[in-house]
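Residues 910 to 1124 in my numbering are what the sequence shown spells out, letter by letter.
By construction, the Cβ of each residue, glycine as well, lies at the ideal position given by its N, Cα and C atoms.
Here the structure is laid out as structure tokens; the discussion comes afterwards.
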Amino acid sequence: METTQQADRQPGAAERRRRELLEAADRVVLRDGPKASMNAIAAEAGITKPILYRHFGDKAGLYQALATRHTDALLDSLRAALDAPAERRSRVEATLDTYLAAIEARPQVYRFLMHPAEDSHTAERGFDVGLHSAPLLRRLGEELAKVIEERVDLGPGGEQLARIWGHGIVGMMHAAGDWWLGERPCPRETLVIGLTDLLWGRLSTAGNRTDGPGF
């Protein structure tokens, strides 16, 4: 009988196995949220923890793989909202709503990526979610900055201002979304409109770049 290690040496098998393990991890995270453990993920995948370590190294490695997976999907959705044929304010609202809808649809995944386990006895030693979530937010900020810089004419110093806006908008979405998801003080639509009103200032009057796709 072929061993797991032998199977992983076949062309493409390691990548396929890694994807299967990430899908198993997703199932555990959807169930357990921030309390998801390497033991539970290994059990869900039907393997031993050392095999899981061989693919990801440690919980930080697994976290990074899951963060990349979910961030890629979120960025695809945000780009689709930004590219939709609509006037600018509607696209801003759609983009904010896309982010909030994503964390609302999978709150346990969001909490796993952004918050430490509430029960410290079940958390792996040495793993600090805050330390690893910061790069995820920075990546979102840089990606949004690129979109703004490519599309909006911000005049001299536009590239720097686009980065300020990109990281500022992501910080706003993250803080407001975290508060809203925890307390549910208002409907999602109300939060979207309120955040759009806050952003609308200079963005409403800035022209599109002549060499860009428009915004």
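Alpha carbons only, please: which of the options is nearest the one belonging to residue i?
| i | options | result |
| --- | --- | --- |
| Ala1084 | Leu1009, Arg1111, Glu1098, Glu1052 | Leu1009 |
| Ala1115 | Pro1065, Asp992, Ala990 | Pro1065 |
| Ala1011 | Met1082, Asp992, His1024 | Met1082 |
| Arg997 | Arg928, Ile1057, Ala922, Cys1095 | Ile1057 |
| Gly1024 | Trp1109, Ala952, Asp1087, Gly1077 | Residue identity check: residue 1024 is His in the sequence provided, not Gly. Nearest C-alpha to His1024: Asp1087. |
| Ala1127 | Lys968, Ala1014, Glu1052 | Because residue 1127 is not part of the residues shown, which for the chain are 910 to 1124, the question remains open. |
| Ser986 | Pro959, Glu1052, Arg927 | Glu1052 |
| Lys1055 | Ala949, Arg1118, Arg1111, Pro994 | Arg1118 |
| Gly864 | Val937, Asp992, Pro943, Arg927 | The question about residue 864 has no answer here: the residues shown for the chain are numbered 910 through 1124. |
| Arg1111 | Trp1074, Cys1095, Thr1099, Asp1120 | Trp1074 |
| Asp1120 | Glu1068, Asp1062, Trp1109 | Asp1062 |
Pop quiz: residue i and residue j are said to be a contact at Cβ under 8 Å. What is the actual Cβ separation, rounded to whole angstroms?
| i | j | result |
| --- | --- | --- |
| His964 | Val1018 | At roughly 20 Å, the Cβ-Cβ gap does not stay under 8 Å, so His964 and Val1018 are not in contact. |
| Phe1124 | Arg1060 | 4 Å |
| Val1079 | Glu1002 | Wrong, their Cβ atoms sit about 16 Å apart, outside the cutoff. |
| Leu931 | Ala974 | 6 Å |
Taking the CB atoms as reference points, tell me whether residue i and residue j lie closer together than 8 Å.
| i | j | result |
| --- | --- | --- |
| Asp1006 | Arg1093 | no |
| Leu1022 | Ser999 | no |
| Met1016 | Leu971 | The sequence shown places Pro at residue 1016, not Met. Not in contact: Pro1016 and Leu971 (Cβ atoms no closer than 8 Å). |
| Ala922 | Ala954 | no |
| Ala995 | Thr1004 | no |
| Arg1020 | Gly1077 | no |
Q | Every unbroken alpha helix (DSSP H) within the segment 963 to 1015, with a cutoff of 4 residues, ordered by chain | A | If we require 4 residues or more, the alpha helix (DSSP H) runs fully inside the segment 963 to 1015 come out as 968 to 992, 997 to 1014.
Q.
If contact is defined by three or more beta carbon pairs under 8 Å, each pair taking one atom from either stretch, is the segment 1046 to 1059 in contact with the segment 976 to 996?
A. Yes: the two stretches touch, three or more of their Cβ pairs being nearer than 8 Å.
**Q.** Secondary structure, alpha helix (DSSP H): runs of 4+ residues fully inside the segment 1031 to 1087
**A.** Within the segment 1031 to 1087, the complete alpha helix (DSSP H) runs of at least 4 residues fall at 1038 to 1060.
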